[in-house]
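**Student:** Residues -22 to -1, 1 to 271 (mature numbering (1 follows the signal peptide of the UniProt record, and there is no 0)) are what the sequence shown spells out, left to right.
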Amino acid sequence: MMQLQISLICLLLLNKLQHGVALLTLTESSVERLAQAASLSYLAQGKMSTSPYSGTCDLELLYQFVDPVSESGATIFADQHNPSTLVVACRGSANPKSFGANLKFKLVPATRLSQNIIPDDAMVHEGFQDAAIGLWRQMGGTLLDLVVGESSSIKEIIFTGHSLGAATALLCAVHYNAAVMNNNSNKSPTPSIVTFGGPKLCNGSLARHLRNEALKGCNVLHLVHSKDPILANNKKLWDSMGFEDVGIELQCDPTVPIVYKETKPDKKGMFGNFAWNILDHCNYMGVFVGPRM
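(1) Between which two residues does the alpha helix (DSSP H) containing T120 stretch?
(2) Quick one: is P177 buried, meaning 16 or more other Cβ sit within 10 Å of its Cβ, or exposed?
(3) Taking the beta strand (DSSP E) that G51 falls in, what are its first and last residues?
(4) In the DSSP assignment, find the beta strand (DSSP E) that holds residue 272 and state where it starts and stops.
(5) Establish whether the CB of T34 and some CB of chain D are separated by less than 8 Å.
(6) If we count the other Cβ atoms within 10 Å of its Cβ and call it buried at 16 or more, is G247 buried or exposed?
(7) Within 10 angstroms of its Cβ, does I95 collect 16 or more other Cβ (buried), or is it exposed?
(8) At which residues does the beta strand (DSSP E) containing L85 begin and terminate?
(9) According to the neighbour-count rule (16 or more other Cβ atoms, all chains shown, within 10 Å of its Cβ), is N197 buried or exposed?
(10) Given that a residue counts as buried once 16 or more other Cβ atoms are within 10 Å of its Cβ, and exposed if not, what is Q107?
(11) Can you pull the DSSP bridge partners for V202?
(12) Could you round the C-beta distance between V267 and F174 to whole angstroms and report it? I think they count as a contact, below 8 Å.
(13) Tell me where the alpha helix (DSSP H) around T146 begins and ends.
(14) In the DSSP assignment, find the alpha helix (DSSP H) that holds L40 and state where it starts and stops.
(15) How would you label G112, buried or exposed, when you count the other beta carbons within 10 angstroms and need 16 or more for buried?
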């Protein structure tokens, strides 16, 4: 398997993108820190200091939100390396109620994504659409004040998340982009979306609409790996139901911050190539990204 240094991902993205976008500058440390932000988002504000990542990621917690209906959550961080950057980290499934959003997996009309015009056949995962709109209602006003307020110096905003949080991060970015467009704000930054272990969440019609319209000009990068049992064991179901990726999918390593340019079959272990260990769903780029007891 060929290793691709993360600082070179931009070149790979440039070859894959069909529409001109301002490419997100990715480095090994910045992507690892996004994984750490996604990890920290699983923790309540008062418990973040217990994580080993709280002292190494150089992210300052600004606000934390939870949707009372779905119990999906998000944390807004300021980047201490770059004060003009905000990171919005959406939490994955942290309790039985938030996990329930994953189980509402049928495709329904995409009517709750803050879109004025959308294709009639655009369909989205029911649970993810519900969780994202509930979460956006909690944090949207605060986030917009941070980004488009008169004293704002924010020039970059990155949405990230793991698993369920990957889905809500992408859809919250859709809500954000619609809000700033409706406000005719020229100073608001175009969002980037970088997710870890995220599920597919919509059909081809909506995926094309998001790429070409709702998230036009945005970087959307999905980091995955072949040992993730949630992704591996749901692929057949997603394909049969017509789910499609919105962004660019790249294989990464679960234990170290490496992204691969191409894949090949892994060496067979005692279970063959079957992805079986649920903890592997929580390991991305050398970071544990998952719920804590």
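Using N, Cα and C, we set each Cβ at its ideal position, and we do this for glycine too.
**Tutor:** Reading from the atomic positions:
(1) 104 to 126
(2) buried
(3) 51 to 57
(4) Here the chain has residues from -22 to 271 only, and residue 272 is not among them.
(5) The chain inventory of the structure shown lacks chain D, comprising one protein chain alone.
(6) Only weak support is given to the placement of G247: the predicted model assigns it a pLDDT of 44, under 50, and the value that follows is read from those uncertain coordinates. G247 is exposed by the Cβ-count criterion.
(7) exposed
(8) Note, L85: beta strand (DSSP E), 85 to 87.
(9) Burial is judged here by how many other beta carbons sit within 10 angstroms of a residue's own beta carbon; N197 has at least 16 and is buried.
(10) buried
(11) Q229
(12) 6 Å
(13) Unbroken alpha helix (DSSP H) run through T146: 142 to 160.
(14) Element bounds for L40: not the alpha helix (DSSP H) but the beta strand (DSSP E), 37 to 44.
(15) Classification for G112: buried.
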